[in-house]
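Trainee: Just passing along the structure, written as structure tokens.
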Amino acid sequence: MQRAILNALSLVHPRLLATTTLWSEVMLDMDGATYTAFKKALTELEIKNQVVLIKGEDRDKAKITDAGLARLAE
Amino acid sequence: MKKPRADSKLDTLPESRVLELRDGLLGGWRYDDALSWLSTECAVSSSLSALSAFFKRHCAPVMKDRRQIAALKAETLVGEAGRTDWNAATLELVKQVSFEMMAGEHLDPKISEKFIKLILKADSQDAAREKIKAAAKTKIETGLEALFEEIKGNAKAEGLFKLLQQEVAKA
């Protein structure tokens, strides 16, 4: 799940992607993904500084960091 | 005999129909709309899960590409515009909104408003800057004309005047 999130965000780096769009991307990539697991993975990635989450009035957005890109390159 | 998968019917449609269906789904058709279009236009009965699988195979890659291209374009367009009077936060806002517009993402109304105001303000600032520049140019030209009248006939002074004129033109 974390890798699917990072993959989706890396395609639009350094732009921010709405978490709703990100969730639909993950759903398309992974069969049987649940929203709870998605939220959990996103929070874990934020703790690891691989993703930055920006709260918005309308929607939250996410962006991959250099650490996230480095993880994908491993 | 094994029944063919419902989604395989969609892939065996003529290419033009596959593209029509793909474009329809990308353009916002609901699955119900797509099912009735398939039934009336292509005489094919399908299912929601078949459409979902079709979407994954045909529409998702297009959406990914569109987003990726939009992200690249947002960077290059703003870079090419060459504005140097915007701070980093403003440039970031312009890039993000450009990306969202080009990717066909839903735009936050407040962010859109901020963006439009910024563009309008930048336009009026450009116009004001041009006006000031034109006024300053007129003043300099008048001053130079007056100066030339004073030094007319003095070869050394006229030589220096030409150098001055060239420097003013460069500025």
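Taken in order, these protein sequences are the chains called A and B. Residue numbers for the first sequence follow the numbering used here, beginning at 4 and rising by one. Residue numbers for the second sequence follow the numbering used here, beginning at 266 and rising by one. Beta carbons: idealized from backbone N, C-alpha and C, even for Gly.
So which residues on chain B does Gly35(A) lean against when the C-beta distance must stay under 8 Å?
Mentor: Correct list: empty, because the minimum Cβ distance to chain B is about 13 Å.
Trainee: Should Thr68(A) be flagged as near chain B, meaning a C-beta pair shorter than 8 Å?
Mentor: No, Thr68(A) does not count as interfacial toward chain B.
Trainee: With a CB to CB cut of under 6 Å and the five nearest residues on each side skipped, what residues in its chain are close to Glu49(A)?
Mentor: The answer, listed in chain order, is Leu56.
Trainee: Are any of the Cβ atoms in chain A nearer than 8 Å to that of Asp288(B)?
Mentor: It does not: the Cβ of Asp288(B) has no partner Cβ on chain A nearer than 8 Å.
Trainee: What is the DSSP secondary structure of Leu284(B), reduced to helix, strand or coil?
Mentor: Leu284(B) falls in the helix class under three-state DSSP.
Trainee: In chain order, what residues of the same chain have a beta carbon less than 6 Å from the beta carbon of Ala335(B), not counting five sequence neighbours either side?
Mentor: Taken in chain order, the residues that qualify are Phe364, Met367, Ala368.
Trainee: Give the interface partners of Asp63(A) over in chain B, defined as CB-CB distance under 8 Å, in chain order.
Mentor: What Asp63(A) touches in chain B: nothing, since even the nearest Cβ is about 11 Å away.
Trainee: With which residues is Val55(A) paired in a DSSP beta bridge?
Mentor: Bridge partners of Val55(A): Lys66(A).
Trainee: Mind pulling the chain B residues with CB within less than 7 Å of Thr29(A)?
Mentor: For the record, residue 29(A) in the displayed sequence is Val; it is not Thr. Going along chain B, no residue has its Cβ under 7 Å from Val29(A), so there is no contact; the nearest lies around 11 Å.
Trainee: Consider the Cβ of Arg74(A): report whether some Cβ of chain B lies at a distance smaller than 8 Å.
Mentor: No, its Cβ sits nowhere closer than 8 Å to a Cβ of chain B.
Trainee: Buried or exposed: Arg322(B), going by 16 or more other Cβ atoms within 10 Å of its Cβ?
Mentor: Its Cβ having fewer than 16 others within 10 Å, Arg322(B) is exposed.
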